[in-house]
Ligand SMILES: Nc1ncnc2c1ncn2[C@@H]1O[C@H](COP(=O)(O)OP(=O)(O)OP(=O)(O)O)[C@@H](O)[C@H]1O
Ligand SMILES: [Mg+2]
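Numbering (the working numbering), first residue to last: 34 to 346.
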């Protein structure tokens, strides 16, 4: 099976603004983060992929189906969580999701069963018979996620699922999305304007800027080509110095930062090789490793550097 989503020179010109500008991007299995500032073209791309909007020029395939001619087939295989509130306030989550399940072709009994399952999965088991008008933003986002999953899609397009959520609810939503990918094998395209939050749950990250592709890569590539690894060892500054000197001697540029060693992973080395080298170095010195972790601040910097790059290009 080829790409989950592939666009070719995909363009959407609204007249006043070009929302997508000859976009070429290929998206595979797993969870892909679609990141960009407000107005970058994320929602426009999703709507075009679903056949809700027609492109001005160029084309795309979703799960091997052409958006120009096979919209109905695509919508049968894809779940969609829209960006804006779309929930009728006087209807319960249960009735709403059952209704949408039946609309997508499930018989009544199966629709009821699937609805109970997905609502439990998103954590709305208790409240599912209450009218959604009384739901908190977090509960509404969960109901929106449930309706995207109810017909057992192969791909879900989630437009800003963490929008309006407080930090705890945000974490829970990200965890749910991660489980969609890992436990159910459903591919997901998830939008956000925060690169940092998606990078943890995404296998791949696509960054849009002004309707153009700024960057597309596996999250690990993102980290190893540009990122810093933070290494913490057991012991005092002596142990840290020992380790830092040995890493430098092994060809890994590094410097102390507080109680950790910041290692610059060079573009030529694969992330796994760097991990192995750090582990072997610690082992040879008899120094205990507490952890090796990616420096998360850097990925936001990369995003900003990229943006500047485009502005000056
Ligand atoms: N129906 C429309 N008519 C005219 N312009 C539109 C329309 N829909 C979107 N646009 C414009 O296209 C550009 C991309 O919009 P889009 O909604 O795809 O961005 P986005 O990345 O989803 O942004 P946000 O993070 O704010 O949701 C914006 O400049 C927007 O104003
Ligand atoms: Mg949007």
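Think of the CB as a built atom: it goes at the ideal place given N, C-alpha and C, for glycine as much as any other residue.
Model, not experiment: these values are computed from the prediction.
When we look at the beta-carbon of residue 79 and count the other beta-carbons within 10 Å, is it buried (16 or more) or exposed? Here the question's residue 79 lines up with position 46 in the chain shown. Counting Cβ neighbours within 10 Å, residue 79 comes out buried, since at least 16 surround it.
For residue 287, collect the residues of the same chain with a Cβ closer than 8 angstroms to its Cβ; drop the 5 residues on either side in sequence, then sort them by chain order. Numbered from its first residue, the chain shown carries residue 287 at position 254. Excluding residues within five positions, the ones whose Cβ falls inside 8 angstroms are 264, 277, 280, 281, 294, 295, 296 and 297.
Assuming residue 234 contacts residue 249 (C-beta within less than 8 angstroms), just tell me the rounded distance between them. Residue 234 sits at position 201 when you count from the first residue of the chain shown. Residue 249 sits at position 216 when you count from the first residue of the chain shown. Not quite, the Cβ-Cβ distance comes to about 17 angstroms (not below 8 angstroms), so this is no contact.
From the DSSP output, which residues share a beta bridge with residue 114? Position 81 of the chain shown, counted from the start, is the residue given in the question as residue 114. Bridge partners of residue 114: 191.
Hey, could you find the ends of the alpha helix (DSSP H) residue 151 is sitting in? The residue you call residue 151 lines up with position 118 of the chain shown. From DSSP, the alpha helix (DSSP H) with residue 151 extends over 141–154.
Flag residue 83 as yes if its beta-carbon sits less than 8 angstroms from any beta-carbon of chain C, otherwise no. Annotation note: the requested chain C is absent from the structure, which comprises a single protein chain.
For residue 261 and residue 338, the rounded distance between their alpha carbons: Position 305 of the chain shown, counting from 1, holds the residue named residue 338. Position 228 of the chain shown, counting from 1, holds the residue named residue 261. Per-residue confidence for residue 338 stands at a pLDDT of 49, beneath the threshold of 50, marking its modelled position as unreliable; the derived number appears in the next sentence. Each residue's Cα considered, the two are about 15 angstroms apart.
What span of residues does the alpha helix (DSSP H) with residue 159 cover, start to end? The count along the chain shown starts at 1 and reaches residue 159 at position 126. Careful: residue 159 lies outside any alpha helix (DSSP H) and carries neither H nor E.
Taking the Cβ atom as the reference point for each residue, do residue 127 and residue 175 lie within a distance shorter than 8 angstroms? Locating residue 127 in the chain shown gives position 94, counting from the first residue. Locating residue 175 in the chain shown gives position 142, counting from the first residue. The answer is no: Cβ separation not under 8 angstroms.
Quick check on the DSSP output: the beta strand (DSSP E) that includes residue 57 runs from which residue to which? Here residue 57 refers to the residue found at position 24 of the chain shown. That run of the beta strand (DSSP E) goes 51–60.
Which of the three DSSP states is assigned to residue 48 in this structure? Counted from its first residue, the chain shown places residue 48 at position 15. Three-state DSSP puts residue 48 in coil, outside helix and strand.
Alpha carbon of residue 38 to alpha carbon of residue 44, nearest angstrom: The residue you call residue 38 lines up with position 5 of the chain shown. The residue you call residue 44 lines up with position 11 of the chain shown. If you take the alpha carbons of residue 38 and residue 44, they lie about 15 angstroms apart.
Is residue 267 helix, strand or coil by DSSP? Translated into the one-based positions of the chain shown, residue 267 becomes position 234. When secondary structure is reduced to three states using DSSP, residue 267 falls in the coil class, being assigned neither helix nor strand.
Residue environment, residue 102, which counts as buried when at least 16 other CB atoms sit within 10 Å: The sequence position of residue 102 within the chain shown is 69, counting from 1. Only exposed fits residue 102, as fewer than 16 other CB atoms lie within 10 angstroms of its CB.
Is the CB-CB distance between residue 210 and residue 307 below 8 angstroms? As a working note, residue 210 is residue 177 in the chain shown. As a working note, residue 307 is residue 274 in the chain shown. No. Outside cutoff.
Less than 8 angstroms between the C-beta atoms of residue 188 and residue 96, yes or no? Position 155 of the chain shown, counting from 1, holds the residue named residue 188. Position 63 of the chain shown, counting from 1, holds the residue named residue 96. Result yes, Cβ atoms of residue 188 and residue 96 sit closer than 8 angstroms.
Report buried or exposed for residue 292, applying the criterion of at least 16 other Cβ atoms within 10 angstroms of its Cβ. Within the chain shown, the letter at position 259 stands for residue 292. So residue 292 counts as exposed.
Give the secondary structure of residue 286 by DSSP, where H, G and I count as helix, E and B as strand, and everything else as coil. For the purposes of this step, residue 286 is identified with residue 253 of the chain shown, where counting begins at 1. Residue 286 falls in the coil class under three-state DSSP.
Per the DSSP calculation, residue 125 is bridged to which residue(s)? For this step, residue 125 is matched to residue 92 along the chain shown. The partner list for residue 125 (beta bridge, DSSP) reads 164.
Which one of 222, 215 and 133 has the shortest CA to CA distance from residue 61? Position 28 of the chain shown, counted from the start, is the residue given in the question as residue 61. Check the Cα spacing between residue 61 and each of 222, 215 and 133: the tightest is with 222.
Looking at the unbroken alpha helix (DSSP H) that takes in residue 66, where does it start and where does it end? Translated into positions along the chain shown, residue 66 becomes position 33. Unbroken run through residue 66 is the beta strand (DSSP E), 64–68; no alpha helix (DSSP H).
What do you reckon, are the CB atoms on residue 109 and residue 99 nearer than 8 angstroms? For the purposes of this step, residue 109 is taken as residue 76 along the chain shown, with counting starting at 1. For the purposes of this step, residue 99 is taken as residue 66 along the chain shown, with counting starting at 1. For residue 109 and residue 99, no; Cβs fall outside 8 angstroms.
Beta strand (DSSP E) containing residue 242: first to last residue? Indexing the chain shown from 1 puts residue 242 at position 209. For residue 242, the enclosing beta strand (DSSP E) starts and ends at 237–242.
Given the structure, does residue 218 come close to ligand 1, in the sense that its CB is under 7 angstroms from one of the ligand's heavy atoms? Translated into positions along the chain shown, residue 218 becomes position 185. Not so, every heavy atom of ligand 1 lies at least 7 angstroms from the Cβ.
With residue 246 as the anchor, note down where its beta strand (DSSP E) starts and where it stops. If you number the chain shown from 1, residue 246 lands on position 213. Taken as a continuous stretch (DSSP letters only), the beta strand (DSSP E) holding residue 246 covers 245–251.
Own chain residues within Cβ distance below 7 angstroms of residue 312, not counting five before or after: Position 279 of the chain shown holds residue 312. Counting only Cβ-Cβ distances below 7 angstroms, and skipping sequence neighbours, we find 322.
Straight-line Cα distance separating residue 228 from residue 305: In the chain shown, residue 305 corresponds to position 272, counting from 1. In the chain shown, residue 228 corresponds to position 195, counting from 1. For residue 305 and residue 228, the distance between alpha carbons rounds to 23 angstroms.
Local conformation of residue 185 per DSSP, three classes: Counting from one through the chain shown, the residue named residue 185 turns up at place 152. The answer is coil: DSSP assigns residue 185 none of H, G, I, E or B.
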